[in-house]
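Enquirer: Top to bottom, those sequences are chains C and H.
For any residue, its number in the numbering used here is found by taking its place in the first sequence, counting from 1, and adding 563.
For any residue, its number in the numbering used here is found by taking its place in the second sequence, counting from 1, and adding 563.
In this text, a Cβ means the ideal position worked out from N, Cα and C, and glycines have one as well.
There are 2 protein chains.
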Amino acid sequence: MNMQAEATDTRTAHAAAFADLDFDLLRRYVQVIRHKLTADQYLYHAGQPFQALYFVHSGCLKTVELADDGRDQVTGFRMRGDLLGIESIGLRQHACSAVALEQGEVWELPYPAMLTACRELPELQAKLTAALAEQIRQDHAWMLNVGTLNAEQRVASFLVDVAARYARLGYSARHFILRMRRTDMANFLALKHETVSRAMTRLDDLRLIAVERREVRVLDDAGLRRMAAGCAS
Amino acid sequence: MNMQAEATDTRTAHAAAFADLDFDLLRRYVQVIRHKLTADQYLYHAGQPFQALYFVHSGCLKTVELADDGRDQVTGFRMRGDLLGIESIGLRQHACSAVALEQGEVWELPYPAMLTACRELPELQAKLTAALAEQIRQDHAWMLNVGTLNAEQRVASFLVDVAARYARLGYSARHFILRMRRTDMANFLALKHETVSRAMTRLDDLRLIAVERREVRVLDDAGLRRMAAGCAS
DNA sequence: CGAACACTTGATGGACTTCAACCACGGTGG
DNA sequence: CCACCGTGGTTGAAGTCCATCAAGTGTTCG
Numbered sequence: 564m565n566m567q568a569e570a571t572d573t574r575t576a577h578a579a580a581f582a583d584l585d586f587d588l589l590r591r592y593v594q595v596i597r598h599k600l601t602a603d604q605y606l607y608h609a610g611q612p613f614q615a616l617y618f619v620h621s622g623c624l625k626t627v628e629l630a631d632d633g634r635d636q637v638t639g640f641r642m643r644g645d646l647l648g649i650e651s652i653g654l655r656q657h658a659c660s661a662v663a664l665e666q667g668e669v670w671e672l673p674y675p676a677m678l679t680a681c682r683e684l685p686e687l688q689a690k691l692t693a694a695l696a697e698q699i700r701q702d703h704a705w706m707l708n709v710g711t712l713n714a715e716q717r718v719a720s721f722l723v724d725v726a727a728r729y730a731r732l733g734y735s736a737r738h739f740i741l742r743m744r745r746t747d748m749a750n751f752l753a754l755k756h757e758t759v760s761r762a763m764t765r766l767d768d769l770r771l772i773a774v775e776r777r778e779v780r781v782l783d784d785a786g787l788r789r790m791a792a793g794c795a796s
Numbered sequence: 564m565n566m567q568a569e570a571t572d573t574r575t576a577h578a579a580a581f582a583d584l585d586f587d588l589l590r591r592y593v594q595v596i597r598h599k600l601t602a603d604q605y606l607y608h609a610g611q612p613f614q615a616l617y618f619v620h621s622g623c624l625k626t627v628e629l630a631d632d633g634r635d636q637v638t639g640f641r642m643r644g645d646l647l648g649i650e651s652i653g654l655r656q657h658a659c660s661a662v663a664l665e666q667g668e669v670w671e672l673p674y675p676a677m678l679t680a681c682r683e684l685p686e687l688q689a690k691l692t693a694a695l696a697e698q699i700r701q702d703h704a705w706m707l708n709v710g711t712l713n714a715e716q717r718v719a720s721f722l723v724d725v726a727a728r729y730a731r732l733g734y735s736a737r738h739f740i741l742r743m744r745r746t747d748m749a750n751f752l753a754l755k756h757e758t759v760s761r762a763m764t765r766l767d768d769l770r771l772i773a774v775e776r777r778e779v780r781v782l783d784d785a786g787l788r789r790m791a792a793g794c795a796s
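Written out as structure tokens, the structure is:
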């Protein structure tokens with residue numbers, strides 16, 4: 564998938580552009596507030612006043628979109644270097660919820676201060692805009708996957724994506740621990756958890772990965788990628 | 564530029580915030596170039612250099628995400644007041660393609676000029692940022708729908724959305740002509756065109772709408788909305 | 001230790017896809 | 001003018017994949 568010089572895999576090039584931000588400089592304009600999170604803790608609820616963005620310093624969170632009739636949809640997972648809350652920019656209240664999957668730490672960036680900082684630091688403005696655009700591309704890649712891939716392929720694609728994100732953070736792309744439950748993966752991939760479970764064991768049977776609950780070992784990276792693309796085999 | 568108090572229905576509040584832009588003012592900074600489009604004409608192809616955003620002045624276009632293996636996914640439809648190309652901000656090349664569904668006119672806004680204009684006009688910067696965030700919310704709403712609704716409900720939801728967009732443009736929300744083929748609707752909704760066709764006739768049988776090919780009359784707005792939400796009945 | 005939760009696996013049914021035929025419309029050219 | 005063809009849309013029948021229901025295993029934590 565050339566098409567795009569860098570950003571080859573648009574889903575991995577994601578908002579992590581924010582990771583290399585100069586926080587010392589930023590702190591001159593914005594009072595950065597640290598928050599520790601425990602597993603299952605809400606960072607913010609849909610409907611709460613939108614007042615800040617959040618930079619993930621450690622841990623993993625999920626964002627959940629919910630309808631008034633109770634339907635819910637996991638729209639993404641965020642790790643170190645990712646920005647949270649950007650989807651609510653321009654609103655008075657958060658459009659979705661963010662929940663920690665494990666303990667971790669986020670840095671709160673009050674939005675009004677960010678706005679003024681953006682005027683002083685064109686670089687910051689550019690990064691924020693880039694993060695927003697990147698989020699759109701990530702979502703579109705998701706649409707493509709969910710709209711065109713079957714269950715096994717979606718799960719394979721998800722694993723390839725997770726591996727790439729770990730690699731980007733300096734961890735192993737070959738061996739990692741999933742941070743989310745099967746239910747969360749399933750919801751994100753528009754499947755049921757039983758289907759995800761079966762897909763995982765199938766990928767295991769095919770010797771593409773070795774799974775044991777949340778522990779994943781990538782045995783055949785190329786094969787997994789082939790599966791993640793539309794390849795029938 | 565209100566910061567939109569409403570946006571209850573995030574899918575309809577969309578990027579049209581750009582519609583009320585002061586183009587006379589903008590023209591001082593940006594050379595706005597008009598382009599006529601005919602049906603099926605590409606405004607830009609994925610992979611082409613990204614150099615401008617486009618404001619839709621008339622007509623309707625679809626944006627299409629494509630994978631190297633040939634899979635493709637319609638990620639949205641754009642009408643008057645909508646902004647095109649924002650998903651490629653931060654890249655050198657367009658991340659997706661944009662195709663006209665009928666004849667129309669778009670206004671090209673060269674991106675470098677837009678960037679400098681944004682420095683001079685904070686209002687413009689705010690609108691661009693808001694448009695990006697709104698696009699994310701639209702995409703997340705789509706994810707929620709595709710992830711949780713069955714075929715009939717998705718089609719109902721789509722029609723409610725289209726009706727709202729027409730209403731916003733001053734047209735009838737009760738009687739309109741769809742601009743896209745069944746295949747495009749189906750692709751967008753992650754279904755097959757036969758399924759969309761069947762869903763449409765089912766909604767017709769239920770007296771929620773009256774369909775004849777692309778012509779749609781909304782007979783029971785409340786019922787259609789109920790169907791579009793997760794209501795079983 | 002036991003209860004709650006997460007995950008796996010099996011059996012069944014249903015919703016959507018696939019394949020196929022048919023119809024309606026619009027344009028073209030004989 | 002109308003036969004002809006291509007495209008888009010509808011409808012039917014059969015097949016497939018995933019959801020659902022259900023049971024059972026493993027793990028974690030009070």
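In its own chain, which residues sit with a C-beta less than 6 Å from the C-beta of ARG789(H), not counting the 5 before and 5 after it?
Expert: Closer than 6 Å at the Cβ level, and outside the excluded window around ARG789(H), lies no residue.
Enquirer: Quick check for students: name the residue ranges of the alpha helix (DSSP H) that lie wholly in the stretch 660-685 of chain C, counting only runs of 4 or more.
Expert: As far as the stretch 660-685 of chain C is concerned, its whole alpha helix (DSSP H) runs of at least 4 residues are 674-683.
Enquirer: To be precise: take each residue of the stretch 616-640 of chain C, compare its Cβ to all Cβ atoms of chain H, and keep it if any distance is under 9 Å. Which residues remain?
Expert: The residues in question are THR626, GLU628, LEU629, ALA630, ASP631, ASP632, GLY633, ARG634, ASP635, GLN636, VAL637, THR638 and GLY639.
Enquirer: List the residues of chain H whose Cβ lies closer than 7 Å to the Cβ of GLY610(C), in chain order.
Expert: Residues of chain H passing the Cβ test: none, with the nearest at roughly 11 Å.
Enquirer: Hey, HIS654(H) and PHE613(H) are a contact pair by Cβ (cut 8 Å); roughly how many whole angstroms apart?
Expert: Here residue 654(H) turns out to be Leu, not His, going by the sequence shown. So it is a contact: roughly 6 Å between Cβ atoms.
Enquirer: Anything in the stretch 707-736 of chain H with a Cβ closer than 9 Å to a Cβ of chain C? List those residues in chain order, please.
Expert: Those would be LEU707, ASN708, VAL709, GLY710, THR711 and LEU712, in chain order.
Enquirer: Which residues does DSSP pair with THR626(C) in a beta bridge?
Expert: THR626(C) is bridged to GLY639(C) and ALA661(C).
Enquirer: Closest by CA to THR746(H), which one among LEU695(H), MET706(H), ARG777(H) and ASP702(H)?
Expert: Nearest of LEU695(H), MET706(H), ARG777(H) and ASP702(H) to THR746(H), Cα basis: ARG777(H).
Enquirer: Leaving aside the five residues before and after ASP767(H) along the sequence, list all residues of the same chain whose C-beta is less than 7 Å from its C-beta, in chain order.
Expert: Excluding sequence neighbours, ASP767(H) sits near ALA773 and VAL774.
Enquirer: Tell me the DSSP bridge mates of TYR605(C)?
Expert: According to DSSP, which records beta bridges pairwise, TYR605(C) is partnered with VAL662(C).
Enquirer: May I ask which residues mark the beginning and end of the alpha helix (DSSP H) holding PHE721(C)?
Expert: Residues 714-731.
Enquirer: Going by DSSP in three states, GLN656(H) sits in which element: helix, strand or coil?
Expert: Residue state, collapsed to three classes: strand.
Enquirer: When the distance is taken between beta carbons, is ALA663(C) closer than 7 Å to LEU624(C)?
Expert: A contact, by the Cβ cut-off of 7 Å.
Enquirer: By Cβ distance below 6 Å, which residues in the same chain neighbour THR601(H) in space, the five residues on each side in sequence not counted?
Expert: Around THR601(H): GLN666.
Enquirer: Counting Cβ pairs closer than 8 Å, one from the stretch 693-711 of chain H and one from the stretch 627-643 of chain C, do we hit at least three?
Expert: The answer is yes - the stretch 627-643 of chain C touches the stretch 693-711 of chain H, with three or more Cβ pairs under 8 Å.
Enquirer: What number of angstroms, rounded off, separates the C-alpha of ASP645(H) from the C-alpha of ASP724(C)?
Expert: Roughly 31 Å between the two C-alpha positions.
Enquirer: Chain C beta carbons: is any one of them nearer than 7 Å to that of ASP702(H)?
Expert: With 7 Å as the cut-off, ASP702(H) counts as an interface residue toward chain C.
Enquirer: When the Cα atoms are used, what is the spatial distance from LEU712(C) to ASP587(C)?
Expert: Spanning the two alpha carbons is a distance of roughly 44 Å.
Enquirer: Is the Cβ-Cβ distance between CYS659(H) and GLU697(H) less than 7 Å?
Expert: Contact: no.
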